[in-house]
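Notes for the one structure printed next.
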Amino acid sequence: MAALAEQGNVRRETGNVTKRLQKELMTLMMEAVPGATAFPENDNVFSWIGTIRGTKDTVYDGLEYKLSIKFPADYPYNPPTIKFITPIFHPNVDTHGNICLDILKEKWSAAYSVKTILLSIQSLLGEPNCDSPLNTHAAQLWEDQAKYLTVLKEKYAMKTA
Amino acid sequence: MNPAGDDSATTTTTTTTEAADGDLQRALEASLRDVGTMSAQEQDRLTIDQLNDIVATIAQEQPMVGAKVGISEALAAEYAENPMKGFALGIDILNAKYSAMRRVRKDGNCFYRGFLYRYLEALVLAQQQQPTTIPELVRIREVVKGSKKKLLDVGYDESAMDMFWEMFAELLDQVPSLTPDALHLKLNDEQGVSNHVVWFCRALSATQIKLNADRFAPFIMGEDGLADVDKFCRTEVEPVNHECEQVQIIALTEMLQVPVTIEYLDASGHPSSIVFPEGAHPTVKLLYRPGHYDILYDTTD
Numbered sequence: 001m002a003a004l005a006e007q008g009n010v011r012r013e014t015g016n017v018t019k020r021l022q023k024e025l026m027t028l029m030m031e032a033v034p035g036a037t038a039f040p041e042n043d044n045v046f047s048w049i050g051t052i053r054g055t056k057d058t059v060y061d062g063l064e065y066k067l068s069i070k071f072p073a074d075y076p077y078n079p080p081t082i083k084f085i086t087p088i089f090h091p092n093v094d095t096h097g098n099i100c101l102d103i104l105k106e107k108w109s110a111a112y113s114v115k116t117i118l119l120s121i122q123s124l125l126g127e128p129n130c131d132s133p134l135n136t137h138a139a140q141l142w143e144d145q146a147k148y149l150t151v152l153k154e155k156y157a158m159k160t161a
Numbered sequence: 001m002n003p004a005g006d007d008s009a010t011t012t013t014t015t016t017t018e019a020a021d022g023d024l025q026r027a028l029e030a031s032l033r034d035v036g037t038m039s040a041q042e043q044d045r046l047t048i049d050q051l052n053d054i055v056a057t058i059a060q061e062q063p064m065v066g067a068k069v070g071i072s073e074a075l076a077a078e079y080a081e082n083p084m085k086g087f088a089l090g091i092d093i094l095n096a097k098y099s100a101m102r103r104v105r106k107d108g109n110c111f112y113r114g115f116l117y118r119y120l121e122a123l124v125l126a127q128q129q130q131p132t133t134i135p136e137l138v139r140i141r142e143v144v145k146g147s148k149k150k151l152l153d154v155g156y157d158e159s160a161m162d163m164f165w166e167m168f169a170e171l172l173d174q175v176p177s178l179t180p181d182a183l184h185l186k187l188n189d190e191q192g193v194s195n196h197v198v199w200f201c202r203a204l205s206a207t208q209i210k211l212n213a214d215r216f217a218p219f220i221m222g223e224d225g226l227a228d229v230d231k232f233c234r235t236e237v238e239p240v241n242h243e244c245e246q247v248q249i250i251a252l253t254e255m256l257q258v259p260v261t262i263e264y265l266d267a268s269g270h271p272s273s274i275v276f277p278e279g280a281h282p283t284v285k286l287l288y289r290p291g292h293y294d295i296l297y298d299t300t301d
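As given, the protein sequences belong to chains P and W, one line each in that order.
Start counting the first sequence at 1; every next residue gets the next number (UniProt numbering).
Start counting the second sequence at 1; every next residue gets the next number (UniProt numbering).
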């Protein structure tokens, strides 16, 4: 009986999370966030693929990157796990696509949504935190934007080839 | 703004379960110092792993809200070895004033969790005595109903907030059919609504602060002398597991119109109590020790 009751709770919880994710998806589609999209991968509402495009006036202008977004069963109490699928040259992203962004970790708030996360990552592109880099090469190069752009374009071309 | 400020924590213990909430942050800072020679990436990963470990360990070893226990039986042993005898004196005084307490999990949510648990428990107990819906339940349902517009007015995303709002409203709807034991199970269910309704209290607190930014601004001024209300809510109120200070307490009691008494136990030997708002007669009473809140029960409860 106890096990059954527990199962019921998990199911109900999952149902709530599913409903929340469906609402988020709806919002994203209706509002058409500039330079950011996200959609469930296959039929799994807990696993999405997102894309962000670099904004104007940044070295990432026009470059597009794919991200994987995996939601935990207790989302949004806990944050989703987000990784770049498209390799990216950036001070705060490592070679495995892991992102160092406080709102995805210790500063996570359940008020955030996929939309706010994607917009935060998008602004992180143009405003990296070079004090605690995951990619030290990129962090060192950031000061020289012209050189940075050259390396960035080289790497981007290589990775999307 | 002290004495209820969590930052005033004076404990130095680093064991997880006996540690106050503030120790979570201190343990992390210590771990960062120890690994000064590692790369930033390794440090970052270690910190996150460690944070997750500490939170998971606390979750395993301590229920969200514990069983009712006697004051002196719960606290005396804890302070037996403490060289500051003021604690023992304070415990005697509390023991005469209160009949029991419940320990609340030390995960940074203790104020919100303790406050909400005790309020709902009192609501369930009062409703059990009455054949019709008690006025307080009617009132709080209205407050929660009205909170939705306020949440949206201060800029929260409807799609992000609906789930919390609905879970809270649903829990209130269940009050007439709940016993205190059933409520206890519900609020201790790791997979259930508990963490979500606790987080909703953070959103309510932040909303009240934003709606009354001018009034709260003097209390949230940063070192630069500026009061950035949005930033304060983003970094000090909303983050899951972030400790609570007096500002958040005042905001939550105002938003819900549910008063609270905080008994402050320290080494002085004279526990002091503060009532929010002043002059109210709260049912919800919490015990504050530097860095942590637990639930207290009156001798008449």
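Glycine is no exception: its CB is placed at the ideal position from the N, C-alpha and C atoms.
Beta-carbon neighbours of residue i, restricted to chain P and to distances below 8 Å
{"i": "Phe-115/W", "result": "Going along chain P, no residue has its Cβ under 8 Å from Phe-115/W, so there is no contact; the nearest lies around 18 Å."}
{"i": "Ala-203/W", "result": "Ala-110, Ala-111"}
{"i": "Glu-238/W", "result": "Ser-109, Ala-110, Ala-111"}
{"i": "residue 348/W", "result": "Residue 348/W lies beyond the residue range present for chain W, which begins at 1 and ends at 301; the question has no answer from this structure."}
{"i": "Asn-195/W", "result": "Asp-74, Tyr-77"}
{"i": "Met-255/W", "result": "In chain order: nothing, as chain P lies at least about 15 Å away."}
Pick from the options that is closest to residue i, judged by C-alpha positions
{"i": "Lys-148/W", "options": "Leu-178/W, Asp-162/W, Asp-214/W", "result": "Asp-162/W"}
{"i": "Tyr-112/P", "options": "Asn-16/P, Leu-21/P, Gly-15/P", "result": "Leu-21/P"}
{"i": "Gln-174/W", "options": "His-196/W, Tyr-112/W, Ser-273/W, Leu-137/W", "result": "Leu-137/W"}
{"i": "Arg-289/W", "options": "Arg-103/W, Thr-299/W, Leu-183/W, Asp-301/W", "result": "Arg-103/W"}
{"i": "Ala-182/W", "options": "His-281/W, Ile-71/W, Glu-121/W", "result": "Glu-121/W"}
{"i": "Ile-49/P", "options": "Glu-31/P, Thr-55/P, Leu-25/P, Tyr-148/P", "result": "Leu-25/P"}
{"i": "Leu-94/W", "options": "Ile-262/W, Thr-132/W, Ala-227/W", "result": "Ile-262/W"}
{"i": "Gly-86/W", "options": "Asp-266/W, Asp-298/W, Tyr-112/W", "result": "Asp-266/W"}
{"i": "Thr-283/W", "options": "Leu-226/W, Thr-253/W, Gln-62/W", "result": "Thr-253/W"}
{"i": "Lys-70/P", "options": "Lys-56/P, Gly-62/P, Ile-85/P", "result": "Ile-85/P"}
{"i": "Gln-208/W", "options": "Ser-177/W, His-270/W, Val-144/W", "result": "Val-144/W"}
{"i": "His-270/W", "options": "Gln-50/W, Ser-72/W, Ala-88/W, Val-69/W", "result": "Ala-88/W"}
{"i": "Ser-177/W", "options": "Thr-133/W, Tyr-119/W, Tyr-117/W", "result": "Thr-133/W"}
{"i": "Arg-53/P", "options": "Asn-135/P, Leu-119/P, Lys-147/P, Tyr-77/P", "result": "Leu-119/P"}
{"i": "Phe-200/W", "options": "Asn-109/W, Asn-82/W, Gln-129/W, Ala-80/W", "result": "Asn-109/W"}
{"i": "His-196/W", "options": "Pro-218/W, Glu-73/W, Arg-215/W, Glu-170/W", "result": "Glu-170/W"}
{"i": "Pro-180/W", "options": "Lys-68/W, Gln-62/W, Phe-276/W", "result": "Lys-68/W"}
{"i": "Leu-75/W", "options": "Arg-215/W, Met-101/W, Asp-230/W", "result": "Met-101/W"}
{"i": "Tyr-65/P", "options": "Gly-126/P, Leu-134/P, Pro-87/P, Ala-73/P", "result": "Pro-87/P"}
{"i": "Ile-99/P", "options": "Tyr-75/P, Ala-73/P, Ser-68/P", "result": "Ser-68/P"}
{"i": "Val-93/P", "options": "Pro-79/P, Ser-132/P, Pro-80/P, Ala-73/P", "result": "Ser-132/P"}
{"i": "Gln-145/P", "options": "Ala-157/P, Asp-57/P, Leu-63/P, Gly-62/P", "result": "Asp-57/P"}
{"i": "Val-260/W", "options": "His-281/W, Ser-268/W, Ala-126/W", "result": "His-281/W"}
{"i": "Ser-268/W", "options": "Asn-82/W, His-184/W, Ala-213/W, Leu-123/W", "result": "Asn-82/W"}
{"i": "Thr-81/P", "options": "Lys-19/P, Met-158/P, Ser-47/P, Gly-126/P", "result": "Ser-47/P"}
Under 7 Å between C-beta atoms of residue i and residue j
{"i": "Pro-239/W", "j": "Lys-107/P", "result": "yes"}
{"i": "Lys-115/P", "j": "Val-17/P", "result": "no"}
{"i": "Ser-194/W", "j": "Met-64/W", "result": "yes"}
{"i": "Ala-138/P", "j": "His-90/P", "result": "yes"}
{"i": "Leu-296/W", "j": "Gly-114/W", "result": "no"}
{"i": "Ile-250/W", "j": "Phe-232/W", "result": "no"}
{"i": "Met-255/W", "j": "Leu-204/W", "result": "yes"}
{"i": "Gln-246/W", "j": "Val-237/W", "result": "no"}
{"i": "Lys-106/W", "j": "His-242/W", "result": "no"}
{"i": "Tyr-119/W", "j": "Val-258/W", "result": "yes"}
{"i": "Arg-141/W", "j": "Leu-172/W", "result": "yes"}
{"i": "Leu-152/P", "j": "Val-45/P", "result": "no"}
{"i": "Pro-76/P", "j": "Ala-110/P", "result": "yes"}
{"i": "Lys-210/W", "j": "Val-198/W", "result": "no"}
{"i": "Thr-27/P", "j": "Ser-273/W", "result": "no"}
Bridge partners - residue i, DSSP secondary structure assignment
{"i": "Asp-298/W", "result": "Tyr-98/W"}
{"i": "Thr-261/W", "result": "Val-275/W, Lys-285/W"}
{"i": "His-292/W", "result": "Arg-289/W"}
{"i": "Val-104/W", "result": "Val-65/W"}
{"i": "Lys-218/W", "result": "It is Pro, not Lys, that sits at residue 218/W in the sequence shown. The partner list for Pro-218/W (beta bridge, DSSP) is empty, contrary to what the question assumes."}
Contacts that residue i makes with chain P (C-beta to C-beta distance below 7 Å)
{"i": "residue 318/W", "result": "Because chain W spans 1 through 301 in this model, residue 318/W falls outside it and cannot be assessed."}
{"i": "Tyr-156/W", "result": "Ala-111"}
Interface partners of residue i on chain W, CB under 8 Å
{"i": "Pro-76/P", "result": "Ala-160, Met-163"}
Distance cut-off 6 Å: residue i Cβ against heavy atoms of the ligand MG
{"i": "Lys-97/W", "result": "Questions concerning the ligand MG fall outside what the structure shown contains, since it holds no ligand whatsoever."}
Under 9 Å by beta carbon: chain W residues contacting residue i
{"i": "Asn-16/P", "result": "Met-163, Glu-166, Met-167, Val-193, His-196"}
{"i": "Lys-19/P", "result": "Asp-162, Met-163, Glu-166"}
{"i": "Thr-27/P", "result": "Asp-157, Glu-158, Ser-159, Ala-160"}
{"i": "Lys-23/P", "result": "Glu-158, Ser-159, Ala-160, Asp-162, Met-163"}
Next on the checklist: Going residue by residue through the UniProt domain "UBC core" (16-161) of chain P, where are the continuous alpha helix (DSSP H) segments of at least 4 residues, counting only ones entirely within it?
Outcome noted: 114-126, 136-141, 145-160
Checklist entry - Counting only runs that start and end within the region 67-96 of chain W, where is the alpha helix (DSSP H) found for 4 or more residues in a row? => result 71-79
Checklist entry - Mind pulling the alpha helix (DSSP H) runs of 4 or more residues that sit fully within the region 157-215 of chain W? => result 158-174, 180-187, 194-211
Checklist entry - What are the uninterrupted segments assigned as beta strand (DSSP E) that are 3 or more residues long and contained completely in the region 111-166 of chain W, given in chain order? => result none
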